[in-house]
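Novice: Before we start, here is the structure in question, set down as structure tokens.
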Amino acid sequence: MRASRRQLLLEASRAAPACAWDCRCRYSLDVGRFVERVRGRVRQSAPDDAARVFVERSRQVGFLRVCAALALRWVMSTTDANALCGTGEMHIFSTEQAAQWILGQPSDTTCTRLSSLLDVGAGDGAITARLAPLFESVTTTEVSEPMVARLQSLGYECVPTCDPRSLVKDGALRRFSCISLLNVLDRCDEPLTLLTTLRDMLNDDGCLILAVVLPFKPGVEDGTGWRQPRQSLPGDVHDGTIEIAANALVVDVLEPMGYEVDVITRLPYMSFSISLAHDVAFLNNVIFICRRAIQR
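Note that the sequence shown ends on residue 343 in the working numbering; no numbers are left out.
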């Protein structure tokens, strides 16, 4: 599912990069644009070695693979084409960055692992692999059959579904220490229902890692085409600067739905390019680390 952001990535791929992949402007947030009570949750991020390696690898994808993927997209979904051709791989964060957010400590051989991760819409498993070292068990969901096969070949439990409510054990929703929803919210039919479901699937001390391209531009992949989702998000998430949209997502969406947001940070959504113009495409991406709000 993560690989299906076709139109935005095509536009980003065709445009000449405004700045380098490691430019500070891709990672910084203007804290002053957030409401005062939210400002203390904003963390400034920076590029790291994992991002550099990803950019270098993007140059090795190859002309023929890109051409094959572009041709296949006329007869199948972008996600399926990417799975078959090995294109469209994405990068958001490193294991070390995730460990700082989730565990409050660097990732190393001595770090304490959490029990379980659910990665919703896991795509080709590239980002799942970044998170997996932090957990004892990993479960994924994905709707693309080629992506499901790829995830299973990597050794991950993969449930072929677009609805996490199908993950049931002993008649109740399965619960997890951490759920990752990485660049899926803007590509699902019912984003509000999904957020509610995932909140109820978190352990009491669990966290949601939410990554969203902002401003919010939703669209649902439907075969080789696109359509608008059945549900829309309230507030100013669709408009203005990345900070205005991020602030609105916290104040108008996440908090009213029963989430407490611990961390807000910005890291670019990087993807192997799906055009012949550039090796890598970038989108403005914000990460939110959320927990279930304590009922008072």
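We treat Cβ as the ideally placed atom computed from N, Cα and C, and that holds for glycine.
Taking the beta strand (DSSP E) that N331 belongs to, which residues open and close that run?
Specialist: First-last for N331: undefined, no H or E at that position.
Novice: Pull the bridge partners of L76 from the DSSP assignment, please.
Specialist: L76 pairs with nothing; no bridge assigned.
Novice: May I have a chain-ordered list of the beta strand (DSSP E) segments no shorter than 3 residues that lie completely inside the region 212-239?
Specialist: 223-229
Novice: Is the CB-CB distance between A258 and Y316 below 9 angstroms?
Specialist: yes
Novice: Looking at the unbroken beta strand (DSSP E) that takes in F101, where does it start and where does it end?
Specialist: DSSP places F101 outside any beta strand (DSSP E); the residue lies instead in the alpha helix (DSSP H), whose first and last residues are D96 to S105.
Novice: Is the distance from the Cβ of F182 to the Cβ of S141 below 9 angstroms?
Specialist: Contact: no.
Novice: If you follow the beta strand (DSSP E) that A258 is in, where does it begin and where does it stop?
Specialist: Boundaries of the beta strand (DSSP E) harbouring A258: L249 to V260, taken from the DSSP string.
Novice: Taking 8 angstroms as the limit between beta carbons, can you name the residues of its chain near D95, skipping five residues before and five after?
Specialist: Around D95: S141, E143 and Q144.
Novice: Pull up the DSSP beta-bridge partners for I31, would you.
Specialist: Examination of residue 31 is not possible in this model, given that the chain is present from 48 through 343 alone.
Novice: Going by DSSP, what residue range makes up the alpha helix (DSSP H) through L178?
Specialist: Residue range A173 to L178 is occupied by the alpha helix (DSSP H) that includes L178.
Novice: On the criterion of 16 or more Cβ atoms from any shown chain inside 10 Å, does S162 qualify as buried, or is it exposed?
Specialist: exposed
Novice: Which residues bound the alpha helix (DSSP H) around L198?
Specialist: E192 to S200
Novice: Considering only the beta carbon of each residue, do V310 and L301 sit closer than 9 angstroms?
Specialist: Taking the C-beta atoms as reference points, L301 is found no nearer than 9 angstroms to V310.
Novice: Are V190 and T208 closer than 9 angstroms when you measure CB to CB?
Specialist: yes
Novice: Is the beta carbon of L280 less than 9 angstroms from the beta carbon of L296?
Specialist: yes
Novice: Short of 8 angstroms in beta carbon distance, which residues of its chain neighbour N332, apart from the five on each side in sequence? Order them along the chain.
Specialist: I139, N230, A258, V259, V260, L261, R313, L314, P315 and Y316
Novice: Which of the three DSSP states, helix, strand or coil, is assigned to V82?
Specialist: Coil at V82, not helix or strand.
Novice: Work out the CA separation of A219 and C72 for me, nearest whole Å.
Specialist: 44 angstroms
Novice: To the nearest angstrom, how far is it from the Cα of D251 to the Cα of P211?
Specialist: 18 angstroms
Novice: With 16 as the cutoff for other CB atoms within 10 Å, does E268 come out buried or exposed?
Specialist: Buried is the call here.
Novice: DSSP beta-bridge partners for G272?
Specialist: D269
Novice: Give the straight-line distance between the Cα atoms of W148 and Q91, rounded to the nearest whole angstrom.
Specialist: 12 angstroms
Novice: Note down, in chain order, each residue of its chain lying with its Cβ closer than 7 angstroms to the Cβ of R246, except the 5 sequence neighbours on either side.
Specialist: M304, G305, Y306 and R339
Novice: If the criterion is Cβ atoms closer than 9 angstroms, does the pair M137 and F335 meet it?
Specialist: no
Novice: Going along the chain, which residues of its own chain have a beta-carbon closer than 7 angstroms to the beta-carbon of G272, five neighbours each way excluded?
Specialist: Hits under 7 angstroms: none found.
Novice: Return the bridge partner residues of F319 from the DSSP annotation.
Specialist: V327
Novice: Could you tell me the distance, in whole angstroms, from the CA atom of R99 to the CA atom of Q275?
Specialist: Looking at the two C-alpha atoms, the distance is approximately 35 angstroms.
Novice: Would the beta-carbon of A169 fall within 9 angstroms of that of L198?
Specialist: yes
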